[in-house]
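Visitor: Letter 142 of the sequence shown, counting from 1, is numbered 154 in the working numbering, and no numbers are missing. I have a structure here, written as structure tokens, and I will follow up with some questions on it.
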Amino acid sequence: MTTISLVTGGSRGLGRNTAISIARHGGDVILTCHSGKDNADAVVAEIEALGRKAVALQLDTGDVSSFASFVETLRGTLTETFDRETIDHLINNAGHGEMADFSATTEEKFDKLFAVHVKGVFFLTQALLPVLADGGRIVNFSSGLTRVSFPGFSAYSAAKGAVEVLTVYMAKELGARGITANTVAPGAIETDFLGGAVRDIPDYNTAFAGMTALGRVGLPDDIGPMVASLLGPDNRWVNGQRIEVSGGQTI
Numbered sequence: 013m014t015t016i017s018l019v020t021g022g023s024r025g026l027g028r029n030t031a032i033s034i035a036r037h038g039g040d041v042i043l044t045c046h047s048g049k050d051n052a053d054a055v056v057a058e059i060e061a062l063g064r065k066a067v068a069l070q071l072d073t074g075d076v077s078s079f080a081s082f083v084e085t086l087r088g089t090l091t092e093t094f095d096r097e098t099i100d101h102l103i104n105n106a107g108h109g110e111m112a113d114f115s116a117t118t119e120e121k122f123d124k125l126f127a128v129h130v131k132g133v134f135f136l137t138q139a140l141l142p143v144l145a146d147g148g149r150i151v152n153f154s155s156g157l158t159r160v161s162f163p164g165f166s167a168y169s170a171a172k173g174a175v176e177v178l179t180v181y182m183a184k185e186l187g188a189r190g191i192t193a194n195t196v197a198p199g200a201i202e203t204d205f206l207g208g209a210v211r212d213i214p215d216y217n218t219a220f221a222g223m224t225a226l227g228r229v230g231l232p233d234d235i236g237p238m239v240a241s242l243l244g245p246d247n248r249w250v251n252g253q254r255i256e257v258s259g260g261q262t263i
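In structure tokens form, the structure reads like this:
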């Protein structure tokens with residue numbers, strides 16, 4: 013049976029690449045976007061061109077109060093488009109970055125980061141449990157910055173560190189249903205994260221490339237296919253793990 017994966021923040025960056033990679037591996041995809049409907053529709057079209065089904069739904073992962081209505085919309089989409097009642101995979105990718113020194117990080121920035129990266133992941137996953145199939149998979153996105161420090165990312169990295177601990181608890185508590193939970197931690201990647209800093213600022217790109225054993229920064233195509241492979245049957249015994257995908261950054 014064809015799998016259905018829900019990818020949050022699937023309209024751009026690593027979420028987009030993950031959604032398309034899943035389709036290339038033969039899966040159908042439901043992706044969410046906060047805004048940028050045109051980008052989301054373009055991802056849907058690209059997946060459909062691969063011969064797979066795809067739907068884009070609007071979701072603000074920082075607004076816990078919207079999750080109940082989102083689940084009802086998802087249930088309708090599953091029935092109408094996929095003739096199913098459940099999803100097989102949940103990829104919690106949606107997020108944003110804030111770069112500020114520890115001493116300059118405001119409460120507002122801190123709260124926004126934790127609202128999306130921690131509270132949102134916690135309560136969205138909780139809300140989706142009734143529609144996540146037994147034997148399903150959860151993949152939460154973290155960051156290489158939880159293993160090594162880089163000035164300006166104290167709040168962001170703290171949030172991602174919380175996600176890594178949360179993932180272990182998901183793996184333990186959902187194991188009775190055969191559901192696995194793992195964290196994928198990318199290193200520096202050329203996306204529009206932080207306004208495309210790693211991609212567009214040569215000094216940043218060179219600095220991170222110099223920290224990486226393979227001599228370059230990452231590309232979205234280094235991440236999405238790895239996530240897609242983690243969802244496959246060959247990786248059914250991988251559970252409760254933090255998997256860094258960084259080309260050997262700062263080792």
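From the three backbone atoms N, C-alpha and C, an ideal C-beta is built for every residue, glycine too.
Measuring CB atoms only, is the stretch 250 to 258 touching the stretch 180 to 190, in the sense that at least three cross pairs come out at less than 8 Å?
Guide: The stretch 250 to 258 is in contact with the stretch 180 to 190.
Visitor: Going by the CB atoms, is the gap between T158 and G173 shorter than 8 Å?
Guide: Contact flag set, yes.
Visitor: Give the range of the beta strand (DSSP E) segment to which P198 is assigned.
Guide: Start and end: T192 to P198.
Visitor: Look at the alpha carbon of T85 and the alpha carbon of G147, and state the distance between them as a whole number of angstroms.
Guide: Computed Cα separation, rounded: 23 Å.
Visitor: CB-CB under 8 Å to R228, same chain, minus the five flanking residues each way: which ones, in chain order?
Guide: Only A221 and G259 meet the Cβ criterion.
Visitor: Taking all protein chains shown into account, decide if T118 is buried (16 or more other Cβ within 10 angstroms of its Cβ) or exposed.
Guide: Exposed: under 16 other Cβ atoms inside 10 Å.
Visitor: Expressed to the nearest angstrom, what Euclidean distance is found between the alpha-carbon atoms of S23 and I32?
Guide: For S23 and I32, the distance between alpha carbons rounds to 10 Å.
Visitor: Do you know how far the Cα of N51 is from the Cα of A35?
Guide: Approximately 17 Å, taken between the alpha carbons.
Visitor: How many Å lie between P245 and I150 at the Cα?
Guide: Between P245 and I150, the C-alpha separation is close to 14 Å.
Visitor: Helix or strand or just coil, what does DSSP make of Q253?
Guide: Of the three classes helix, strand and coil, the one that applies to Q253 here is coil, per DSSP.
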